Amino acid sequence: MTDKDAGLFAQITHSRTASEVVRQIELLILQGVLRDGDRLPGERDLALDFDVSRPILREALKELEQRGLLVSQHGGGTYVADIIGQVFSKPIIDLISRHERATRDYLEYRRELEGLTAELAARRASETDLSLLARIVEDMKAAHGRGRPEDELAADVEFHNAIGEAAHNIILLHTMRACYRLLSEGIFFNRRAVFAFADARDRLLAQHIAIYEAIAAGDPDRAKRAAQAHIDFVMQAVDSAARADEWGRVARLRLLQRDSQPGTPRVASPQPNEKTDIET
């Protein structure tokens, strides 16, 4: 294989038309190779990669912009459009963000998707997929060792995205990416609440390692069970956080009512603690 063959954009050998350029870029986006926000090479380099004229390339890029797949910034290049979040419309995002029940339904939905995705990944993951997963797991371990929850959370999302890629199912890939986009933006619930659960960081790391090891071993059943056990733990942690928050709210209301009654001995207000003031 030559360096040219190994490039992201392959030369078009037949029918050098704008439609062929459009088709190739569309496939790269569909397959998850090109992600939202990725910048395309400059016009000159891209035309050379495809081995087409610059007028043909400009026609193709214009068509892709009209389809909402690319966006151009004047003097700033051409980028893959932000299309992932559109799997869920803004009205439904706003609706579910206002209702707590959506959190459990979302996790229930994710439990089934995560199980299926891990199962497929165990069957289909390539050596490249496994190398990427191993690298992400090492990043998780390093972040855990440094005591950096923010880095662990970022690696968490990247880990599950990589499993989605390793499953080699285009529909699952984009569905899962949409789920993680909303998750990382805190639409469904604040993921930091999970970290307040007892030994959560240690347990989450162990769960991710178990998922990776099952996929690396090519054991679909074990991978599915490990992925679903991970979501079961998250559901338990979120439920516990919600209960603790509700208990704290009720306790504060009782204290407020008690202090408002004449002749009631006053007591010092309790200081906030992790059990009653978990951010959700």
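Residue numbers for the sequence shown follow my numbering, beginning at 13 and rising by one.
Where a beta carbon is used, it is the ideal one built from N, C-alpha and C, also for glycine.
Remember, predicted model here, so these are calculated numbers, not experimental data.
Quick one: is residue i buried, meaning 16 or more other Cβ sit within 10 Å of its Cβ, or exposed?
| i | result |
| --- | --- |
| Leu-81 | buried |
| Arg-122 | buried |
| Pro-232 | buried |
| Thr-115 | buried |
| Asp-305 | Because the chain spans 13 through 292 in this model, residue 305 falls outside it and cannot be assessed. |
| Glu-164 | buried |
| His-172 | buried |
| Val-295 | Examination of residue 295 is not possible in this model, given that the chain is present from 13 through 292 alone. |
| Leu-265 | exposed |
| Val-206 | buried |
| Leu-39 | exposed |
Do residue j and residue i count as a contact pair if the criterion is CB distance below 9 Å?
| i | j | result |
| --- | --- | --- |
| Ile-223 | Ala-238 | yes |
| Ala-72 | Ala-134 | no |
| Ala-167 | Ile-148 | yes |
| Ile-175 | Ala-130 | yes |
| Leu-185 | Gly-49 | no |
| Leu-58 | Phe-21 | yes |
| Met-247 | Glu-120 | yes |
| Arg-51 | Gly-89 | yes |
For residue i, which residues of its own chain have a beta-carbon under 8 Å away from its beta-carbon, when the five flanking residues on both sides are left out?
| i | result |
| --- | --- |
| Leu-142 | Ala-178, Ile-227, Ala-228 |
| Arg-70 | Glu-55 |
| Gln-269 | none |
Going by beta carbon distance, what residues of the same chain come within less than 6 Å of residue i, once the five residues before and after it are set aside?
| i | result |
| --- | --- |
| Glu-126 | Ala-239, Ile-243 |
| His-180 | Arg-136 |
| Glu-170 | Ile-148 |
| Val-83 | Tyr-91, Ala-93 |
Taking 7 Å as the limit between beta carbons, can you name the residues of its chain near residue i, skipping five residues before and five after?
| i | result |
| --- | --- |
| Phe-245 | Arg-215, Gln-219 |
| Val-64 | Ile-24, Arg-28, Val-33 |
| Asp-117 | none |
| Lys-236 | Gly-127, Ala-130, Glu-131 |
| His-156 | Glu-164, Arg-213, Leu-217 |
| Arg-47 | Val-92 |
| His-26 | none |
| Asp-15 | No answer about Asp-15 holds up, because its pLDDT of 40 lies below 50 and its placement is not dependable. |
By the DSSP assignment, the alpha helix (DSSP H) with residue i in it spans what residues?
| i | result |
| --- | --- |
| Ser-109 | 102 to 109 |
| Thr-129 | 113 to 136 |
| Gly-159 | Taken as a continuous stretch (DSSP letters only), Gly-159 belongs to no alpha helix (DSSP H), as it is neither H nor E. |
| Val-33 | 30 to 42 |
| Ile-227 | 212 to 228 |
| Pro-274 | Where Pro-274 is concerned, there is no enclosing alpha helix (DSSP H), given that its DSSP letter is neither H nor E. |
| Ala-72 | 66 to 78 |
Could you pull the start and end residues of the beta strand (DSSP E) that residue i belongs to?
| i | result |
| --- | --- |
| Gln-85 | 82 to 85 |
| Gly-89 | 89 to 92 |
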